[in-house]
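Trainee: Structure provided below as structure tokens; questions to follow.
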Amino acid sequence: MTNPSGRLTYLILAGSLLVSALPALPQDNGDEPREVDLIERTGRRLAQLDVSVSGPDDAIGNLTADDFELVVGGRFIESFTVDRACNIGERVVRTTTAEAPDATGSQVPATAVPLSPKPTYLFYFDQHHLTMAGRQNSLDTARTIVDQLVVNGARAMIVSAGKYIATIQPLTDDRDRMQDALDRLERDNDQWDVYAYQEDSRIEQVMRELQQDNDMTKAIGTARLFQREERYRTDKALRLFEITIGGLTDLDPPKVVIYFADSMRKNAGEHYVSYFPRQSAAPNLTLAAMESDGFVANNAFDRVVEAASSYEVRLYTVQAAGMLAPSMTMSRGASQNQSQPSANNRRRFDAQNSLVGLARETGGQAFLHGAPGKKIATRIERDLSCLYLISFDASDMPEDRPLAVSLRMKRGKVKATTRGQIVLASEGRRKTTRLLAAFTGIVPDADDLKLEGIVIPTGYDKGKYTALVQIRAPSMPLPKTIWEIGASLVSHGKVRQDFSGRIEVDRPSVPVIFEAEMSFGPGPYQLVMVAHEQITDRIARAEIEADWPDPDANEVTLSPLTLLQPSEGAFLRNGELRRSGSLGKTATEYIEPGLPLAVIGLVCRNKSKKMKKARIVIERRLIGETEASFTDLELSDSGIRCIQLRDIIRADTMTEGNFTYELRVVDKSNRELTALKLEFSTVNPTPPEDGIQRLVTE
Numbered sequence: 033m034t035n036p037s038g039r040l041t042y043l044i045l046a047g048s049l050l051v052s053a054l055p056a057l058p059q060d061n062g063d064e065p066r067e068v069d070l071i072e073r074t075g076r077r078l079a080q081l082d083v084s085v086s087g088p089d090d091a092i093g094n095l096t097a098d099d100f101e102l103v104v105g106g107r108f109i110e111s112f113t114v115d116r117a118c119n120i121g122e123r124v125v126r127t128t129t130a131e132a133p134d135a136t137g138s139q140v141p142a143t144a145v146p147l148s149p150k151p152t153y154l155f156y157f158d159q160h161h162l163t164m165a166g167r168q169n170s171l172d173t174a175r176t177i178v179d180q181l182v183v184n185g186a187r188a189m190i191v192s193a194g195k196y197i198a199t200i201q202p203l204t205d206d207r208d209r210m211q212d213a214l215d216r217l218e219r220d221n222d223q224w225d226v227y228a229y230q231e232d233s234r235i236e237q238v239m240r241e242l243q244q245d246n247d248m249t250k251a252i253g254t255a256r257l258f259q260r261e262e263r264y265r266t267d268k269a270l271r272l273f274e275i276t277i278g279g280l281t282d283l284d285p286p287k288v289v290i291y292f293a294d295s296m297r298k299n300a301g302e303h304y305v306s307y308f309p310r311q312s313a314a315p316n317l318t319l320a321a322m323e324s325d326g327f328v329a330n331n332a333f334d335r336v337v338e339a340a341s342s343y344e345v346r347l348y349t350v351q352a353a354g355m356l357a358p359s360m361t362m363s364r365g366a367s368q369n370q371s372q373p374s375a376n377n378r379r380r381f382d383a384q385n386s387l388v389g390l391a392r393e394t395g396g397q398a399f400l401h402g403a404p405g406k407k408i409a410t411r412i413e414r415d416l417s418c419l420y421l422i423s424f425d426a427s428d429m430p431e432d433r434p435l436a437v438s439l440r441m442k443r444g445k446v447k448a449t450t451r452g453q454i455v456l457a458s459e460g461r462r463k464t465t466r467l468l469a470a471f472t473g474i475v476p477d478a479d480d481l482k483l484e485g486i487v488i489p490t491g492y493d494k495g496k497y498t499a500l501v502q503i504r505a506p507s508m509p510l511p512k513t514i515w516e517i518g519a520s521l522v523s524h525g526k527v528r529q530d531f532s533g534r535i536e537v538d539r540p541s542v543p544v545i546f547e548a549e550m551s552f553g554p555g556p557y558q559l560v561m562v563a564h565e566q567i568t569d570r571i572a573r574a575e576i577e578a579d580w581p582d583p584d585a586n587e588v589t590l591s592p593l594t595l596l597q598p599s600e601g602a603f604l605r606n607g608e609l610r611r612s613g614s615l616g617k618t619a620t621e622y623i624e625p626g627l628p629l630a631v632i633g634l635v636c637r638n639k640s641k642k643m644k645k646a647r648i649v650i651e652r653r654l655i656g657e658t659e660a661s662f663t664d665l666e667l668s669d670s671g672i673r674c675i676q677l678r679d680i681i682r683a684d685t686m687t688e689g690n691f692t693y694e695l696r697v698v699d700k701s702n703r704e705l706t707a708l709k710l711e712f713s714t715v716n717p718t719p720p721e722d723g724i725q726r727l728v729t730e
């Protein structure tokens, strides 16, 4: 699914879903819950570290808790549990330190736990930081890695961040699907960015102004502009990466992200300072500001590390561009085409150090200079071949802040590797992360809840269409449900509108419909909808991708047609809750012939003088098992550009079967200007569920 980069606004919308509230539907007195003498007690919170071990088989096959020494957040952890999960002899053994009781105070005996879990791999292509060579090499490298790692039940997915962030391939254990997805990504012109490729030309411009023009002030000003742009782009790219990592929250470890980038720098843009000489006297304030900005830019990098540390994700970073010769720039006082090695190498070192840092802090590895895919896959395979899971009580440790991790291996000939820090994510942070990942579409294992969205055209004014948007959450067989619903409208790569609301229903099996009025400009749009049910903590997501026609492109244009039928349910609009309303039907839903049906649409003419004076006739008819006709509508000489159709088909006019609604627009000479057909089927419904019956009769 496509996900424009403007969805960074989703963080705000996801937050609003957590705080908005509305009254509940009243509950019958007979349904009031009885108080029971039960007290809920909170148990211990266990934190977990996955540790890769390497060494001789006879040394790594029987490690116990006594072989590890663990310090977290400066605190020595005296009591912890060790689970072994590796393929040596296909055995898994649990051991604990002598002081590790369970929740009742009893000692935990050595017990068997499940065999090695199947890993999950996410291939992430940061197109903003890939050169042209790096993009192609990363795709070729990924193909090799997929063939070697996506085996024996391991699952993988592909996400790319180019003009927008997109899930190229959802989670699958099918290697052929993964390879096909990489082929699609290679051909996708929206999933590449020339910014990294053009870096040499930006530096050459700075050096030309510095050396040929001998204008230090101008060169510093240009460098400052480029530095700001790089920081902005890097911050946005890493924010998208952070959100993507959050989408892995609910998956079981081991979770591996293979991150492809060439020029990502945690101190984004600071390398431009290296092209200017140090001044022993008064330092240049602009250069000092650039260095300060480079330091502050580390925050985006740190957020990625914290996200990976919060959700037990290992990052394996790949610089796919390969060995590159330094670009030919000019040193101060030198002639053109002479290189300045310190300046040229600074930006490359910064990028490589950043990739190494991401991997080291999360327990992964970095692969630089275009490492071959077979080497990368083999190293990852080796890291995951024998894992030890260390669990410890973290009940009294702070949440949502990084805690440094120090792990020492006491047994000789054995090397242990784990992440450099751990973040104990609070429930609030996890909830926000899941909602944000749902908005961006990065949801590997989505809940099977079905969310529906309908856009009902209502008018056209001042160059924009108006419409009523309905978001329908599924009814659930629970005595109480609490729905948080939100949506974002994306058009031309930007979030144009968003809204959210909360509906609480004290009835089982009652459909929930959230309504909002929105404006749409002509052209393509995407409506992203997310609903979170609080009681069950389940999330549903849906998208609508469509186009509004340009009313000036032709003599007459038609909007999409929408079908409406009356329905009982919880309808929320503008903060007001109703028990019934007109419910939009999707193209795949059956129509009930025993209820009235409304067909809604817009007919618009262009703004030319000819069409303003033209007499336009709108003909409609219903054909199928039974037929119906409608009185012709006219757009005569007036200032009205668009007219809304609202044809009502009375209850029981139709029988069960297939029908077609035909719309035809002609001029006074009966010349057809445009036409549209809408096909649908009718089926008598099954008896209503108990929740609806009670809602109606109350």
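The opening position of the sequence shown corresponds to residue 33 in our numbering, with each subsequent residue numbered one higher. Built from N, CA and C at the ideal position, the CB exists for glycine as well.
#1: Under the assumption that Leu590 contacts Val635 (Cβ atoms under 8 angstroms), give the Cβ distance between them as a whole number of angstroms.
#2: Using only alpha-carbon positions, find the residue among Leu214, Met296, Val289, Leu629 that is nearest to Ala329.
#3: Taking only the alpha-carbon atoms, compute the straight-line gap between Glu459 and Leu468 and give it to the nearest angstrom.
#4: Expressed to the nearest angstrom, what Euclidean distance is found between the alpha-carbon atoms of Gly166 and Arg187?
#5: Residues in its own chain within less than 6 angstroms of Lys512 by CB, not counting five upstream and five downstream?
#6: For Ile190, count neighbouring C-beta atoms within 10 Å of its own C-beta (all shown protein chains included) and say buried if the count is 16 or more, exposed if not.
#7: In angstroms, rounded to a whole number, what distance separates the CA positions of Arg379 and Asn385?
#8: Buried or exposed: where does Phe327 fall if 16 or more other Cβ atoms within 10 Å of its Cβ makes it buried?
#9: Relative to the C-alpha of Gln168, which candidate in Leu710, Ala352, Thr687 has its C-alpha closest?
#10: Classify Gly185 as buried or exposed, calling it buried when 16 or more other Cβ atoms lie within 10 Å of its own Cβ.
#11: Based on the DSSP output, what are the partners of Arg187 in its beta bridges?
#12: What's the call for Thr594, buried or exposed, on a 16-neighbour Cβ count within 10 Å?
#13: For Tyr557, which residues does DSSP report across the bridge?
#14: What's the call for His401, buried or exposed, on a 16-neighbour Cβ count within 10 Å?
#15: Quick one: what does DSSP say Arg260 is sitting in, helix, strand or coil?
#16: May I ask you to report which of helix, strand or coil DSSP gives His564?
#17: If you measure between the beta carbons of Pro286 and Arg346, is that distance less than 9 angstroms?
#18: How about Asn377: is its Cβ closer than 8 angstroms to a heavy atom in the ligand PLP?
#19: Starting from Ser599, trace the alpha helix (DSSP H) both ways and give me its first and last residue.
#20: Report the rounded CA-to-CA distance for Thr714 versus Ala619, giving the unit in angstroms.
#21: For Ala332, which residues in the same chain have their Cβ closer than 7 angstroms to its Cβ, ignoring the five residues on either side in sequence?
#22: Bridge partners of Gln80, per DSSP?
#23: Under the rule that 16 or more other beta-carbon atoms within 10 Å means buried, what is Ser532, buried or exposed?
#24: Going along the chain, which residues of its own chain have a beta-carbon closer than 7 angstroms to the beta-carbon of Met643, five neighbours each way excluded?
#25: Could you give the distance in angstroms between the alpha-carbon of Val455 and the alpha-carbon of Val437?
#26: Taking the Cβ atom as the reference point for each residue, do Ile514 and Glu577 lie within a distance shorter than 9 angstroms?
#27: According to the neighbour-count rule (16 or more other Cβ atoms, all chains shown, within 10 Å of its Cβ), is Ala174 buried or exposed?
#28: Could you give the residue range of the beta strand (DSSP E) that holds Asn331?
#29: Suppose you measure from the CA of Ser640 to the CA of Pro556; what does that come to, to the nearest Å?
#30: Look at the alpha carbon of Ala26 and the alpha carbon of Gly278, and state the distance between them as a whole number of angstroms.
#31: Within this structure, are the beta carbons of Pro509 and Ser599 separated by less than 9 angstroms?
#32: Where DSSP assigns a beta bridge to Arg504, which residues make up the other side?
#33: State the start and end residues of the unbroken alpha helix (DSSP H) segment that holds Gly166.
#34: Determine the direct distance from the alpha carbon of Ile681 to that of Gln558, and round the result to whole angstroms.
#35: How many Å lie between Gln201 and Ala91 at the Cα?
#36: Nearest to Gly626 by CA position, among Lys617, Ser668, Glu688, is which residue?
Mentor: Answer, in terms of the structure:
#1: By 1-based counting over the sequence shown, the position of residue 590 is 558. By 1-based counting over the sequence shown, the position of residue 635 is 603. Rounded, the Cβ-Cβ distance is 6 angstroms, consistent with contact.
#2: Working through the sequence shown from its first residue, we reach residue 329 at position 297. The option with the nearest alpha carbon to Ala329 is Met296.
#3: Mapped onto the sequence shown, residue 459 falls at position 427. Mapped onto the sequence shown, residue 468 falls at position 436. Looking at the two C-alpha atoms, the distance is approximately 14 angstroms.
#4: Counting from 1 along the sequence shown, the entry for residue 166 is found at position 134. Counting from 1 along the sequence shown, the entry for residue 187 is found at position 155. Rounded to whole angstroms, Gly166 to Arg187 spans 25 angstroms at the Cα level.
#5: Residue 512 sits at position 480 when you count from the first residue of the sequence shown. Answer for Lys512: Asp538, listed in chain order.
#6: Residue mapping note: residue 190 aligns to position 158 of the sequence shown, counting from 1. The residue is buried, with at least 16 neighbouring Cβ atoms inside 10 Å.
#7: On the sequence shown, residue 379 is found 347 positions in, with the first residue counted as 1. On the sequence shown, residue 385 is found 353 positions in, with the first residue counted as 1. Cα to Cα, the separation comes out at about 10 angstroms.
#8: Taking the first residue of the sequence shown as position 1, residue 327 is located at position 295. Result: exposed.
#9: Here the question's residue 168 lines up with position 136 in the sequence shown. Closest by alpha carbon: Ala352.
#10: What you label residue 185 is simply residue 153 of the sequence shown in a count that begins at 1. With fewer than 16 Cβ atoms within 10 Å of its Cβ, Gly185 is classed as exposed.
#11: Stepping through the sequence shown from its first residue, residue 187 is reached at position 155. Answer by DSSP bridge pairing, in chain order: Thr152.
#12: Residue mapping note: residue 594 aligns to position 562 of the sequence shown, counting from 1. Buried: at least 16 other Cβ atoms inside 10 Å.
#13: Translated into positions along the sequence shown, residue 557 becomes position 525. Per DSSP, Ala578.
#14: By one-based count along the sequence shown, residue 401 stands at place 369. Its Cβ having fewer than 16 others within 10 Å, His401 is exposed.
#15: For the purposes of this step, residue 260 is identified with residue 228 of the sequence shown, where counting begins at 1. In this structure, Arg260 counts as helix in the three-state DSSP scheme.
#16: The count along the sequence shown starts at 1 and reaches residue 564 at position 532. Of the three classes helix, strand and coil, the one that applies to His564 here is strand, per DSSP.
#17: Here residue 286 corresponds to residue number 254 of the sequence shown, with the count starting at 1. Here residue 346 corresponds to residue number 314 of the sequence shown, with the count starting at 1. Against a cut-off of 9 angstroms, the Cβ pair of Arg346 and Pro286 comes out as a contact.
#18: Among the components modelled here there is no ligand, and therefore nothing to report on the ligand PLP.
#19: Position 567 of the sequence shown, counting from 1, holds the residue named residue 599. Here Ser599 belongs to no alpha helix (DSSP H); instead the beta strand (DSSP E) covers 594-605.
#20: Here residue 714 refers to the residue found at position 682 of the sequence shown. Here residue 619 refers to the residue found at position 587 of the sequence shown. So the alpha carbons of these two residues sit roughly 12 angstroms apart.
#21: As a working mapping, residue 332 is identified with position 300 in the sequence shown. Same-chain partners within the cutoff: Thr266, Asp267, Leu270, Arg271.
#22: Indexing the sequence shown from 1 puts residue 80 at position 48. DSSP output for Gln80 lists Ser423 as bridge partner(s).
#23: By one-based count along the sequence shown, residue 532 stands at place 500. Buried, because 16 or more other Cβ atoms sit within 10 Å of the Cβ of Ser532.
#24: By one-based count along the sequence shown, residue 643 stands at place 611. So the qualifying residues of the chain are Glu587, Arg637.
#25: In the sequence shown, the residue the question calls residue 455 occupies position 423. In the sequence shown, the residue the question calls residue 437 occupies position 405. Going by the C-alpha atoms only, they are around 10 angstroms apart.
#26: Within the sequence shown, numbered from 1, the residue matching residue 514 stands at position 482. Within the sequence shown, numbered from 1, the residue matching residue 577 stands at position 545. The answer is no: Cβ separation not under 9 angstroms.
#27: Translated into the one-based positions of the sequence shown, residue 174 becomes position 142. Counting Cβ neighbours within 10 Å, Ala174 comes out buried, since at least 16 surround it.
#28: Stepping through the sequence shown from its first residue, residue 331 is reached at position 299. Unbroken run through Asn331 is the alpha helix (DSSP H), 330-342; no beta strand (DSSP E).
#29: Against the sequence shown, residue 640 aligns to sequence position 608. Against the sequence shown, residue 556 aligns to sequence position 524. Rounded to whole angstroms, Ser640 to Pro556 spans 24 angstroms at the Cα level.
#30: What is shown of the chain runs 33 to 730, which leaves residue 26 out entirely.
#31: Stepping through the sequence shown from its first residue, residue 509 is reached at position 477. Stepping through the sequence shown from its first residue, residue 599 is reached at position 567. Taking 9 angstroms as the Cβ cut-off, Pro509 and Ser599 do not qualify as a contacting pair.
#32: To locate residue 504, count along the sequence shown from 1; it is residue 472. Its beta-bridge partners are Glu484, Ile545.
#33: Here residue 166 is taken as the residue at index 134 of the sequence shown, counted from 1. Residues 164-181.
#34: For the purposes of this step, residue 558 is taken as residue 526 along the sequence shown, with counting starting at 1. For the purposes of this step, residue 681 is taken as residue 649 along the sequence shown, with counting starting at 1. Taking the straight line joining both Cα atoms gives about 31 angstroms.
#35: Against the sequence shown, residue 201 aligns to sequence position 169. Against the sequence shown, residue 91 aligns to sequence position 59. If I take the Cα positions, the gap works out to 40 angstroms.
#36: As a first step, residue 626 is located in the sequence shown; it is residue number 594 there, counting from the start. Of Lys617, Ser668, Glu688, the residue nearest in Cα terms is Glu688.
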